[in-house]
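Below is one structure, written out as structure tokens, with a few remarks after it.
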Amino acid sequence: MPVEPTSPPTESKSADRPVLSPKPRVLSGIQPTGIGFHLGNYLGAVRNWVAMQDDFDAFYFVPDMHAITVPHDPATLRRRTRESIAELMALGLDPARCTLFVQSHVPEHAELAWVLGCITAYGEASRMTQFKDKAARSELGAATVGLFNYPVLQAADILLYQADQVPVGDDQRQHLELTRDLAKRFNSRFGGTFTVPAPYIPARSARIADLQDPSRKMSKSRPPAGTVYIQDDPKALAKKVRSAVTDTGREVRAAEEKPGISNLLNILSTLTGRGIVDLEATYADSGYGAFKADVAAALVEFVAPIQQRYRDILADEAGLDAVLVAGAAKATAVAADTMRRVRAGVGFLPLGSRSG
Ligand code: TYM
């Protein structure tokens, strides 16, 4: 069952915080892959990140180290990493209210991933479905050890910052379970070091479906016709919604046997804040055409100001550099403190000490 965003943290017992904050901590990341972020990324994750900035000590980052687990082009990765930060800011992340950073600027991620890899059983890493799915996709070439270790690096991302909650879409549930298991295992073998994080998964928008194949989740790696990108121009966007796959009926109703219409209802409901039942009543007599036109209009209205902000933020190169420098410094302060405790816990010899 999805966790309601409003539910209190269940099992996030905080170990002593390396940097004391009166607020619970939240952390999440989004990969700089593909041509940009899509509606599933926003509705399933980033929307919650924005909402949590004030009530939580919030850490958000772009996991560029995760992005090299599949074949990639270095120049594109560099460009996409900058664009991703700009896009997150355009979507509402405010570096004055959260710590926004790039993963590779904090090398402690890799160091902790190594340590956690040494308490991860080969069998439990082999059970990760995202690894199995990606490894099976022939266009990505042969699966690498990096891809296999991906969930362990993700656990390191989360545990480094002693996160209480991790707002993600439904597809990250298994990685969060592994993270919790590794935190508990490390704590019981080497002493309480890590906060055990709780997933924070929206009840309704945890899995936005592909518009062309509603049995699949919307994804950066699927063909663009079924994926609504935040940077899509309005015409392309309206066309994608108009040609979204639905069933042969004409009833606008959320139902298991109507996955396409249910998905569009979900999108419209999350964007407008109107309930599904209310929307069903509004479109009871109108058929799919008018309904789809309204979904498209709501999307165009939603993305227009974001696209403008994105262009402005990206154009201000010095401003973006300053955000990255400040974010890396704030993130490093926390990560370095956790790593000191991890090194002591596992028994690495401190430089200059003769006994332990
Ligand atoms: P990524 O980059 O694939 O996706 C970013 C976020 O978007 C959510 N999401 C969706 N939500 C609803 N419907 C969809 N169709 C949909 N597609 C994607 C994802 O659940 C995710 O929350 N492994 C992570 C990145 C990561 C991370 C972390 C996340 C690395 N380290 C530490 C949290 C904490 C990933 O690939 O997300």
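Residues 145 to 500 (the working numbering) make up the sequence shown, in order.
Note that CB positions come from ideal geometry on N, CA and C, so glycine has one too.
Within 10 angstroms of its Cβ, does GLU401 collect 16 or more other Cβ (buried), or is it exposed? exposed
With distances taken between CB atoms, is the gap from PHE334 to GLY236 smaller than 8 Å? no
Using the C-alpha atoms, what's the distance from ARG485 back to ASP201? 21 Å
Beta-carbon separation (whole angstroms), GLY404 vs ASP422, contact threshold 8 Å: So it is not a contact: roughly 20 Å between Cβ atoms.
Buried versus exposed call for PHE330 [16 or more other C-beta atoms within 10 Å across all chains shown]: buried
For my contact list, PHE203 and LEU171 are in at a C-beta cut-off of 8 Å; report their separation, rounded to the angstrom. 4 Å
Any non-hydrogen atom of ligand 1 within 7 Å of ILE374 CB: no
Hey, out of ALA195, GLY313, GLU252, whose CA is closest to ALA480's CA? GLU252
If you draw a straight line from the alpha carbon of LEU493 to that of ALA353, how long is it in whole angstroms? 50 Å
Within the same chain, show all residues whose beta-carbon is closer than 6 Å to that of TYR373, passing over the 5 residues directly before and after it, in chain order. GLY180, HIS182
Please classify VAL478: is it buried, with 16 or more other beta-carbons within 10 angstroms of its beta-carbon, or exposed? buried
Contacting residues, own chain, Cβ-Cβ under 7 Å from PRO153 (five flanking each side not counted): Only weak support is given to the placement of PRO153: the predicted model assigns it a pLDDT of 38, under 50, and the question is left unresolved by the model.
Cβ of ILE229 within 7 Å of any heavy atom in ligand 1? no
Taking the alpha carbon of ARG226 as the point to measure from, which residue in HIS216, CYS262, PRO176, ALA269 has its own alpha carbon closest? PRO176
Residues bridged to GLY173 (per DSSP): PHE205
Where does THR273 sit, in a helix, a strand or coil, going by DSSP? helix
Anyone know if the C-beta pair for VAL389 and ILE229 falls short of 8 Å? no
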